[in-house]
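Asks: Handing you this structure, nothing more for now.
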Amino acid sequence: MTGLASPILSKRERIVSRKLIELLFSKGSSRSTSAFPLRIVFMEKAREENEEPVQILISVSKRHFKRAVKRNRVKRQIREAYRHHKSILTEKIAEDKSLAIAFIWQADELYDSQQVGRCVKRLLGKVAENV
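Letter 129 of the sequence shown, counting from 1, is numbered 114 in our numbering, and no numbers are missing.
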C-alpha cells in the first residue's frame, strides 16, 4: 500500500451536504469514469475554509444487494481501499481546489478486497490525471 494512510476516514472527508450531492450528480458539472465493478463520479470545486481536499460518497444500491450485510461489506471494502490509496489524489490537488467524489457499485456479486483495492487505485489514478 502507499504512503501514510490515515487510520480512519473522518466525517470531514465524507460528503454529507445534500446540496453538494445534487451538484455532483447534476448534468454538466461533473465527470465520470468506470473500472468494473466501480464507477466514479467526480467534480472539482473551490476549497472552502477548513475543508478537506477530497470528500467522498459511497453508494451501493439495494438493486444489487438486497441484504444490508452485503451492502455494508462492499462499502467497508471501498472505504478501506480509498483510505490506503487517497494519497494518489491528495498529492496532485492544488491548495485552493477540492474534489468531491462518489463511488458507485455496479456489480451484482461480491469481490474480494484485493480486487476492490486494485479497482479503487486505478480509478483514483484516472482522476489524478484529469485534475
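Ideal placement from N, C-alpha and C gives every residue a C-beta, glycine not left out. The structure presented is a predicted model; accordingly, all values stated were derived computationally and were not measured.
Going by DSSP, what residue range makes up the alpha helix (DSSP H) through Ala53?
Replies: Per DSSP, Ala53 belongs to the alpha helix (DSSP H) from 53 to 70.
Asks: So what's Ser15 in DSSP terms, helix, strand or just coil?
Replies: Coil at Ser15, not helix or strand.
Asks: Can you give me the Cβ contacts of Thr(-13) inside the same chain, cut-off strictly under 8 angstroms, excluding the 5 residues immediately before and after it?
Replies: Its pLDDT being 47, under 50, Thr(-13) is placed unreliably by the model, and nothing is read from it.
Asks: Can you tell me which of Arg3, Glu76, Ser14 puts its alpha carbon nearest to the alpha carbon of Val26?
Replies: Closest by alpha carbon: Ser14.
Asks: Closest by CA to Arg56, which one among Tyr67, Lys82, Ile43?
Replies: Nearest C-alpha to Arg56: Ile43.
Asks: On the three-state DSSP scale, how would you describe Phe122?
Replies: Absent from the structure is residue 122, since the part of the chain shown begins at -14 and ends at 116.
Asks: I need the straight-line Cα distance from Leu5 to Ser11, nearest angstrom please.
Replies: Approximately 10 angstroms, taken between the alpha carbons.
Asks: In angstroms with no decimal places, state the Cα-to-Cα distance between Lys111 and Ser46.
Replies: Lys111 and Ser46: Cα-Cα distance of roughly 24 angstroms.
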